[in-house]
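Participant: So that we are looking at the same thing, I have put the structure below in structure tokens.
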Amino acid sequence: MKPKRFLLPLVVILAALWLSACSGAALVNSWPGLTNDNETVYLAAGAHVYAIRLSDGHELWRYPAKANNNLQFIAPPVLAPDGSLIIGSAGADHRLVALDPTRLDPATQTPLEKWTFTDAQDRWIAGALVLENKVFAPNTDGNVYVLDLTDGLSTKKAVEQIDLGAPLWSQPVSNGTLVFITSMNHFLHAFDAQTYTSPWPPIDLGGAAPGSPLLGPDGSLYVGSFASRMVRVDTATGQATTFASTQGWVWSGATLDGDTLYFGDLEGNFYAYRSDGQLAWSIQPDGPVVGSPLALPDFIVFATESGSVYAVDRQGKIVWQREVGGKIYTTPVSNNEYLLIAPMQAEFALSAHDLNGSQVWSFTPKK
Amino acid sequence: MWDTFIIHPFTNLLLWIYSLMVNVPGAFGWAIILFTILIRVVTWPLNAQQLKGAQAMQELQNDKEWQAIQKKYAKDKEKLAQEQMRIYKEKGINPFSSCLPTLIQFPIIIGLYQAIIRSLATAPLSLLQLGRSLYPMLDAAALIPLNSRFLWMDLGRPEFIPIFGFNLPTLAIIVAVTTYIQSKLTMPASANPNDQSAAMNNTMSIYMPLLLGYFALTFASGLSVYFITSNLLGILQYALTGRANWRNLLPGGNKTPTAK
Chain A
-9 MKPKRFLLPL VVILAALWLS ACSGAALVNS WPGLTNDNET VYLAAGAHVY AIRLSDGHEL
51 WRYPAKANNN LQFIAPPVLA PDGSLIIGSA GADHRLVALD PTRLDPATQT PLEKWTFTDA
111 QDRWIAGALV LENKVFAPNT DGNVYVLDLT DGLSTKKAVE QIDLGAPLWS QPVSNGTLVF
171 ITSMNHFLHA FDAQTYTSPW PPIDLGGAAP GSPLLGPDGS LYVGSFASRM VRVDTATGQA
231 TTFASTQGWV WSGATLDGDT LYFGDLEGNF YAYRSDGQLA WSIQPDGPVV GSPLALPDFI
291 VFATESGSVY AVDRQGKIVW QREVGGKIYT TPVSNNEYLL IAPMQAEFAL SAHDLNGSQV
351 WSFTPKK
Chain W
163 MWDTFIIHPF TNLLLWIYSL MVNVPGAFGW AIILFTILIR VVTWPLNAQQ LKGAQAMQEL
223 QNDKEWQAIQ KKYAKDKEKL AQEQMRIYKE KGINPFSSCL PTLIQFPIII GLYQAIIRSL
283 ATAPLSLLQL GRSLYPMLDA AALIPLNSRF LWMDLGRPEF IPIFGFNLPT LAIIVAVTTY
343 IQSKLTMPAS ANPNDQSAAM NNTMSIYMPL LLGYFALTFA SGLSVYFITS NLLGILQYAL
403 TGRANWRNLL PGGNKTPTAK
């Protein structure tokens, strides 16, 4: 056989590799999930979930010990009251795992698994809600899986499977009695945490709602969506009214501080609305706001896609602005001493800042 | 540049078709099929030219004068090239007429593939990018996210049908079979045992089905719907020209009878 005979197949195979490379089949196209307690920050970033010491950015452990293309982590890890850290994979192996961060495998220095749940049909993009002894885990297969945290099983079986009919990307919230969650087919759902029955029909938000609802102290829910508005819902009756119109799509949930609601949109606006629906002020930072804001004692913090972090006071005055770099989509977290930012496409995966915005440390995973 | 001129227009066209039938069950699957038909119709003249050119080149391999100069100038490449060009001119054959349309279509195929993947937007960053790809004429808020269900498939995921505990990749098999049929039908018969072009075609008719079958097995099934539709249209187009070589589908059927 002559070499020429293999020239065209070789070209085709190279083209195939090119197609494979741009498909993103192995990697999930999303930003990291982030959560923290007073001493540790947990970063779900691609092939691993990392536990990082808050004081100095030192990596305490990573899970799994070795990268596995079938396991990809983007959902915010959730700390359960029993100390478990609940993480879900958005990779081809879509398992939900509860880790015990206090017990590490001596050989791999990786936390031991308390239990796993492997019955979901699709990926985990949203964080779970832990309510008393139950885990409400929303999956992109459209189901909220209810797991019993206290049954002692190492391989969980769902005690209930609530089919909401569309991919679920947002973490549920609860008022203790009802659980509220948005679905990507534009609806807000509510169901009883004990009986799983719905007190009112799903509410059409007019657009996809990838962010979590915000539960106000008066029992109202605030939900943003791609319909470019923030809707207020009376949780007792299921009545929905437009609370605020925005210039762009609202991706993440709002943050309530006092009687003011703070949120951003994808057109690059950041709003402060009084609870009576009056616009207190709005500013235009240097890029779209995807993550939720974070309310700290002295200011409100939010990040932009352009890689900047802003601290604004309650009157809308910018206290400081820092360019972290990369693109920031993940909601910042804080322990009131450090502010943690997880950018994408930056030189590092996580950075800690003091409350003046100065960088204290940065974390780049070792290969 | 690539995004602006290829992916964005393709994505918007695909979603515009989807928006016309958004209430039809399996709308995105139908949109992919209609979009593929549209692309095939637009590129019909290119395909026809490619087939015609390939046929002419293949026939040339069996030409006695062509074979004679191959032997005569086997050691003089420069003279051989001159003689080949002379025969091309005499017979009115453009040696690039079969590969040029393929080169032009290649970006279209890649763009279509990327448009399908982008439209399905199954992860947050993909959805963010999709929102920015759409033209104002589309009511993006109402359309997004697309309903990716089509028949028994989720177009955003590879397709399998569980049978007796085994996940059968139905679409991947159909993709491989239709690709094989298409490549065999468009392969002209050759009597020349030294015909390199025929040998390459034979190799391709094995590689391509395996390759596209692998794609179908691995990637979103929306892409498989595109491959199958495109293959069936290709078979139909070639059958309509009356040149389809159905004997090629049988083992040993790609040889023309030689004169004794």
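Top to bottom, those sequences are chains A and W.
So that you can map any letter, position 101 of the first sequence is 91 in the working numbering, and since no number is skipped, the others follow by simple counting.
So that you can map any letter, position 254 of the second sequence is 416 in the working numbering, and since no number is skipped, the others follow by simple counting.
Ideal Cβ positions, reconstructed from N, Cα and C, are used throughout, including at glycine.
Start and end of the beta strand (DSSP E) containing Glu49/A?
Facilitator: 49 to 53
Participant: Between which residues of its own chain and Thr187/A is the CB-CB distance below 8 angstroms, once the five residues before and five after are set aside?
Facilitator: Phe181
Participant: Can you tell which of Leu385/W, Thr365/W, Leu296/W, Phe190/W has the C-alpha that lies nearest to the C-alpha of Leu313/W?
Facilitator: Phe190/W
Participant: From what residue to what residue does the beta strand (DSSP E) around Glu150/A run?
Facilitator: Where Glu150/A is concerned, the enclosing beta strand (DSSP E) stretches over 150 to 153.
Participant: When Cβ atoms are compared, which residues of the segment 320 to 337 of chain W fall closer than 7 angstroms to chain A?
Facilitator: none
Participant: So, is Tyr297/W buried or exposed, given that buried needs 16 or more other C-beta atoms within 10 angstroms?
Facilitator: exposed
Participant: Could you work out which residue in Ile306/W, Pro331/W, Ala378/W is closest to Thr173/W when comparing CA atoms only?
Facilitator: Ile306/W
Participant: For a contact defined as C-beta to C-beta under 8 angstroms, what are the partners of Pro286/W on chain A?
Facilitator: Asn19, Ser20, Trp21, Ile64, Ile115, Trp159, Pro200, Tyr319
Participant: List the whole-angstrom C-beta distance separating Ile64/A from Gly23/A, where the pair is believed to meet the contact cut-off of C-beta under 8 angstroms.
Facilitator: 6 angstroms
Participant: When you compare the segment 281 to 298 of chain A with the segment 324 to 340 of chain A, are there three or more beta-carbon pairs, one atom per stretch, that lie closer than 8 angstroms?
Facilitator: yes
Participant: Between Ala342/A, Asp247/A, Gln62/A, which has its C-alpha nearest Ala366/A's C-alpha?
Facilitator: Given that chain A is displayed from residue -9 to residue 357, the structure contains no residue 366/A and the question cannot be resolved.
Participant: Would Pro307/W pass as an interface residue toward chain A - the criterion being a Cβ-Cβ separation below 7 angstroms?
Facilitator: yes
Participant: What did DSSP end up calling Leu317/W once you bin it into helix, strand or coil?
Facilitator: coil
Participant: Whole angstroms is fine: what's the gap from Thr321/A's alpha carbon to Pro283/A's?
Facilitator: So the two alpha carbons sit approximately 7 angstroms from each other.
Participant: Determine whether the Cβ of Ala217/A lies closer than 7 angstroms to any Cβ atom of chain W.
Facilitator: At least one chain W Cβ lies under 7 angstroms of Ala217/A.
Participant: Using only the alpha-carbon positions, how far apart do Ile231/W and Leu213/W sit?
Facilitator: 25 angstroms
Participant: List, in chain order, every chain A residue whose beta-carbon is nearer than 8 angstroms to that of Ala218/W.
Facilitator: Simply none; closest approach about 18 angstroms.
Participant: Only counting the same chain, and skipping five residues up and downstream in sequence, which positions put a Cβ closer than 8 angstroms to that of Thr354/A?
Facilitator: Glu337, Phe338, Ala339
Participant: On a Cα-Cα basis, can you pick out the residue from Asn175/A, Lys147/A, Asp141/A that is closest to Gly155/A?
Facilitator: Asn175/A
Participant: Can you tell me where the alpha helix (DSSP H) with Trp206/W in it begins and where it stops?
Facilitator: 206 to 223
Participant: What number of angstroms, rounded off, separates the C-alpha of Gly396/W from the C-alpha of Leu256/A?
Facilitator: Approximately 43 angstroms between the Cα atoms of the pair.
Participant: Rounded to whole angstroms, what is the Cα-Cα separation between Val339/W and Ile390/W?
Facilitator: 9 angstroms
Participant: For Ser235/A, count neighbouring Cβ atoms within 10 angstroms of its own Cβ and tell me buried if that reaches 16, exposed if not.
Facilitator: exposed
Participant: Let's test the definition: count the other Cβ atoms within 10 Å of the Cβ of Ile343/W and tell me whether it reaches 16, buried, or not, exposed.
Facilitator: buried
Participant: Put Trp192/W into one of helix, strand or coil per three-state DSSP.
Facilitator: helix
Participant: Using the Cα positions of Pro200/A and Leu175/W, report the straight-line distance between them to the nearest angstrom.
Facilitator: Our two residues, Pro200/A and Leu175/W, have alpha carbons roughly 25 angstroms apart in a direct line.
Participant: Please state whether the Cβ-Cβ distance between Ala88/A and Val120/A is less than 7 angstroms.
Facilitator: no
Participant: Helix or strand or just coil, what does DSSP make of Lys251/W?
Facilitator: helix
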